[in-house]
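See structure below.
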Amino acid sequence: MKATWNNTVIAESDDTIVIENNHYFPPASVKQEYLQSSETHTTCPWKGLASYYTLTVDGKENKDAAWYYPEPKDAAAEIKGYIAFWKGVKVSE
1 MKATWNNTVI AESDDTIVIE NNHYFPPASV KQEYLQSSET HTTCPWKGLA SYYTLTVDGK
61 ENKDAAWYYP EPKDAAAEIK GYIAFWKGVK VSE
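Counting from 1, position 67 in the sequence shown corresponds to residue 67 in full-length UniProt numbering; the numbering is continuous, with no gaps.
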């Protein structure tokens with residue numbers, strides 16, 4: 001799977017985990033230079049507290065376009081640290 005935004009590949013992996021129709025990419029498969037930590041957090045009843053990244057590519061920002069669970073609840077332990085995308089980020093094969 002490949003995550004692309006602003007004509008740039010942000011992540012690429014054959015080992016994503018699919019939960020609720022979202023592909024979660026292993027941290028090592030994501031190009032960290034495009035991620036900036038965000039102060040945004042949301043809570044999922046069964047996955048726990050999510051943290052967000054803002055994508056920055058070629059001077060353009062996509063606020064909170066990636067999220068991850070640094071300390072997920074037990075039911076979602078398999079996606080600890082894995083990163084998923086939305087807000088116009090295209091995830092395709």
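Using N, Cα and C, we set each Cβ at its ideal position, and we do this for glycine too. These numbers were taken from a predicted model, which means no experiment stands behind them.
Whose C-alpha, out of the options, is nearest the C-alpha of residue i?
| i | options | result |
| --- | --- | --- |
| Lys2 | Pro26, Ile19, Glu20 | Pro26 |
| Thr4 | Lys31, Asn21, Ile17, Glu20 | Lys31 |
| Ser13 | Gly48, Leu49, Ser29 | Ser29 |
| Ala50 | Asn21, Asn22, Pro72 | Pro72 |
| Glu33 | Tyr52, Ala76, Val57 | Val57 |
| Cys44 | Gly59, Asn7, Pro70, Gly88 | Pro70 |
| Trp86 | Tyr52, Asp15, Lys60 | Tyr52 |
| Glu93 | Ile19, His23, Asn7 | His23 |
Can you have a look at residue i and say buried or exposed, based on whether 16 or more other CB atoms are within 10 angstroms of its CB?
| i | result |
| --- | --- |
| Val91 | buried |
| Leu55 | buried |
| Ala84 | buried |
Kindly give me the distance between the Cβ atoms of residue i and residue j, rounded to whole angstroms, as I take these residues to be in contact under 8 Å.
| i | j | result |
| --- | --- | --- |
| Thr79 | Ile17 | Looking at the sequence itself, residue 79 is Ile, so the reference to Thr does not match. That pair is a contact at about 6 Å. |
| residue 96 | Ala76 | Limits of the chain in this structure are 1 at one end and 93 at the other, which puts residue 96 out of reach. |
Which partner residues does residue i have in the DSSP bridge list?
| i | result |
| --- | --- |
| Thr8 | Trp5 |
| Ile19 | Asn22 |
| Trp67 | Tyr52, Ala84 |
| Lys73 | BP columns for Lys73 are empty, so no partner. |
| Ser38 | Ser38 pairs with nothing; no bridge assigned. |
Inset, instruction - Report yes or no: do the region 33-50 and the region 63-76 share at least 3 C-beta pairs separated by less than 8 Å? - result: By the Cβ rule, the region 33-50 counts as touching the region 63-76, because three or more pairs are nearer than 8 Å.
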